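First comes the structure, then the notes that go with it.
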Amino acid sequence: MGYRNKNTGYVSDILASRSVIKRGNYAIIPPNGLVNNSIPGFENCELSILATPKLGASFVDYIITLLDGGQNKAGFGAPGVETFFYCLEGKITVWADDAKHTLEAGGYVYCPAGVILKFENDNGGATSEAFLYKKKYEAVAGYEAHVIVNNVADLEKIAYEGMEDVILQNLLPADLGFDMNFHILSFEPGACHGYIETHYQEHGAYMLSGEGVYNLDNEWVPVKKGDYLFMGAYVPQATYAVGRGEAFSYLYSKDCNRDPQL
């Protein structure tokens, strides 16, 4: 693919894309195909909508560039809707209802259903980048979720299924009050899943670093930092990390702790 000429708006080559959209099955969305969306409450933000129910997901994911003055002070969230906000770059002030917190790269906040999320760029005039998620919360009697604020730098690093070159980090508690979790998986170059997974849980995954080759429904596709993947229920999936030196890592959501409904 050719580069984009800033003077004319045209690319220097034929129009082409690495995007793959197979609704309800899987999708690969590279950053150079994203468009900006205008959504009430988001001010001075360049916001792109990633996965939605129209793609086949049971959640909605967004990627946001917060410009100077970028914010959502009107509040994000609704009754029955849980939200998750992850700072990719920069410095962002967030509020979970009235509680104020500062996030830097790797920082995140989870707001349970009914807790309103607000945020504001606090990066000294420079831009900040964030990943945002929302989903309808599935309650279970006797348990409830609570606000979580943390940074991945402070999380335990777990050898994924005993593989020392594949590291898992759990961002939310393994508690029945939570009907989903976020994880980060990091593969050293040459590392891979131990097997091709097939399960009913969906994933929305944002590539944080490095490069990989992903098996999606038994089709191998290249992915790299900045790409977004949607993986629907039961799609076969696994990855190899490729490249030199840098680990291939991604942030992803997973529904959990609930019995499937009929």
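Sequential numbering of the sequence shown, starting at 1301, is according to this note's numbering. Beta carbons are placed, not taken as given, at the ideal position from N, Cα and C, and that holds for glycine. Computed from a prediction, not measured in an experiment: that's the story for all the values here.
For residue i, name the three-state secondary structure that DSSP assigns.
i	result
residue 1454	helix
residue 1332	helix
residue 1460	helix
residue 1338	coil
residue 1397	coil
residue 1302	Caution is warranted here: a pLDDT of 45 is assigned to residue 1302, below 50, making its placement in the model unreliable, and the coordinate value is therefore given only provisionally. Coil at residue 1302, not helix or strand.
residue 1410	strand
residue 1444	coil
residue 1449	strand
residue 1420	strand
residue 1386	strand
residue 1310	coil
residue 1489	coil
residue 1512	strand
residue 1483	strand
residue 1506	strand
residue 1529	strand
residue 1534	coil
residue 1520	strand
residue 1392	strand
Considering only their Cβ atoms, is the gap separating residue j from residue i smaller than 8 Å?
i	j	result
residue 1508	residue 1531	no
residue 1468	residue 1458	yes
residue 1435	residue 1382	yes
residue 1538	residue 1497	yes
residue 1345	residue 1370	yes
residue 1426	residue 1409	no
residue 1479	residue 1411	no
residue 1319	residue 1333	yes
residue 1392	residue 1366	yes
residue 1414	residue 1443	no
residue 1430	residue 1364	yes
residue 1474	residue 1510	no
residue 1500	residue 1560	yes
residue 1551	residue 1506	yes
residue 1490	residue 1533	no
residue 1437	residue 1380	yes
residue 1554	residue 1450	no
Please classify residue i as buried or exposed, where buried requires at least 16 other C-beta atoms within 10 Å of its C-beta.
i	result
residue 1303	Unreliable placement is indicated for residue 1303, whose pLDDT of 44 sits below 50; no coordinate value is reported for it.
residue 1329	buried
residue 1440	exposed
residue 1486	buried
residue 1314	exposed
residue 1372	buried
residue 1544	exposed
residue 1453	exposed
residue 1466	buried
residue 1374	exposed
residue 1446	exposed
residue 1305	Only weak support exists for where residue 1305 lies, its pLDDT of 48 falling under 50; the coordinates are left without a value.
residue 1518	exposed
residue 1316	exposed
Since I believe residue j is in contact with residue i (beta carbons under 8 Å), could you give me their beta-carbon distance rounded to a whole number of angstroms?
i	j	result
residue 1361	residue 1512	Incorrect: roughly 19 Å between the Cβ atoms, too far for contact.
residue 1385	residue 1432	5 Å
residue 1535	residue 1326	5 Å
residue 1390	residue 1336	Wrong, their Cβ atoms sit about 18 Å apart, outside the cutoff.
residue 1484	residue 1428	Not confirmed; about 19 Å, so no contact.
residue 1350	residue 1528	5 Å
residue 1331	residue 1526	4 Å
Note down, one range per segment and in chain order, each beta strand (DSSP E) of at least 3 residues found wholly within the segment 1348-1386. Within the segment 1348-1386, the complete beta strand (DSSP E) segments of 3 residues or longer fall at 1359-1376, listed in chain order.
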